[in-house]
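Enquirer: My questions all concern the structure below.
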Amino acid sequence: MAQITYTDKVALNENNNVADINKVKAEDMNEIKSVVNGIDSTVQVMTNANVYSTTEKNTGKTWVNGKTIYRKVLTGTTTTTDTAVNIAHGISNYEYIMIDNKSFVKSTGSGNVFIFPINCPPNTSTTYDKRPIRAYVTNNNISLYIGAYNGYSSYEYAIILEYTKSS
Numbered sequence: 080m081a082q083i084t085y086t087d088k089v090a091l092n093e094n095n096n097v098a099d100i101n102k103v104k105a106e107d108m109n110e111i112k113s114v115v116n117g118i119d120s121t122v123q124v125m126t127n128a129n130v131y132s133t134t135e136k137n138t139g140k141t142w143v144n145g146k147t148i149y150r151k152v153l154t155g156t157t158t159t160t161d162t163a164v165n166i167a168h169g170i171s172n173y174e175y176i177m178i179d180n181k182s183f184v185k186s187t188g189s190g191n192v193f194i195f196p197i198n199c200p201p202n203t204s205t206t207y208d209k210r211p212i213r214a215y216v217t218n219n220n221i222s223l224y225i226g227a228y229n230g231y232s233s234y235e236y237a238i239i240l241e242y243t244k245s246s
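Just so we're aligned, residue 80 is where the sequence shown starts under our numbering, counting upward by one.
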């Protein structure tokens, strides 16, 4: 489509004293509307790229299969250690999902923050299981495991999920 120009299109279309050639055409206005609306959508996606929210946000990023990547943050508190805690993620139609490496657990009261070192299912080895903080995704939940060796009784967590949708 040709570039829109505004040369000689200075009067309102309703003015009968202005020749038709100087009036703004409807198709020009529709193209302007389309461009402006597209910019608004792009700005919103770019804004969301830096937003961490407990509600789903379009990150503006694309996965290798061309699908949009969304982000959602799960936050809360747990007093459970040495056992996996299931936290509902509320994402029913994900295709691919990952736990962002900026996710963390903070011991309540002490201010100590533990960054997720690994994302894997629990291991039954008593030596291995006493220290790590791990999380993994199931169909409906995030299973969060905090080893008892960390020595605190209460933890706040922030788990950042990025995912694509199957539909």
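Quick reminder that beta carbons are idealized off the backbone N, C-alpha and C, glycines included.
1) Glutamate 174 by DSSP, collapsed to three states: which one?
2) To the nearest angstrom, report how far apart threonine 160 and leucine 240 are at their CA atoms.
3) State the CB to CB distance for the pair lysine 151 and isoleucine 170, rounded to an integer number of angstroms; the pair is presumed to be in contact (CB under 8 angstroms).
4) So serine 245 packs on glutamate 174, CB below 8 angstroms; how close in whole Å?
5) If we count the other Cβ atoms within 10 Å of its Cβ and call it buried at 16 or more, is alanine 214 buried or exposed?
6) Given a cut-off of 8 angstroms, decide if alanine 167 and tyrosine 224 are closer than it, judged by their beta-carbon atoms.
7) How far does the beta strand (DSSP E) with asparagine 314 in it reach, from first residue to last?
8) In whole angstroms, what separates the C-alpha of tyrosine 234 from that of asparagine 191?
9) Run the CB neighbour count on threonine 158, radius 10 Å, all protein chains shown included, and call it buried at 16 or more, exposed below.
10) Could you tell me if isoleucine 55 is buried or exposed, where buried requires 16 or more neighbouring beta carbons within 10 angstroms of its beta carbon?
11) Pick out whichever of Thr243, Asn180, Thr187 and Ile221 has its Cα sitting closest to the Cα of serine 232.
Expert: The short version:
1) Residue mapping note: residue 174 aligns to position 95 of the sequence shown, counting from 1. If DSSP states are grouped into helix, strand and coil, glutamate 174 belongs with the strands.
2) As a working mapping, residue 160 is identified with position 81 in the sequence shown. As a working mapping, residue 240 is identified with position 161 in the sequence shown. Rounded to whole angstroms, threonine 160 to leucine 240 spans 22 angstroms at the Cα level.
3) By one-based count along the sequence shown, residue 151 stands at place 72. By one-based count along the sequence shown, residue 170 stands at place 91. About 7 angstroms; that satisfies the 8 angstroms criterion.
4) Looking up residue 245 in the sequence shown gives position 166. Looking up residue 174 in the sequence shown gives position 95. Contact flag correct, Cβ pair sits at about 4 angstroms.
5) Position 135 of the sequence shown, counted from the first residue, corresponds to residue 214. Looking at its Cβ environment, which holds 16 or more other Cβ atoms inside 10 Å, alanine 214 is buried.
6) As a first step, residue 224 is located in the sequence shown; it is residue number 145 there, counting from the start. As a first step, residue 167 is located in the sequence shown; it is residue number 88 there, counting from the start. No, the Cβ-Cβ distance between tyrosine 224 and alanine 167 is not below 8 angstroms.
7) With the chain covering only 80 through 246, there is no way to say anything about residue 314.
8) The residue labelled residue 234 in the question sits at position 155 within the sequence shown. The residue labelled residue 191 in the question sits at position 112 within the sequence shown. Looking at the two C-alpha atoms, the distance is approximately 10 angstroms.
9) To locate residue 158, count along the sequence shown from 1; it is residue 79. Threonine 158 is exposed by the Cβ-count criterion.
10) Beyond the ends of the chain as shown, which are 80 and 246, falls residue 55; an answer cannot be given.
11) One-based indexing of the sequence shown puts residue 232 at position 153. When each option's Cα is compared against that of serine 232, the closest is Thr187.
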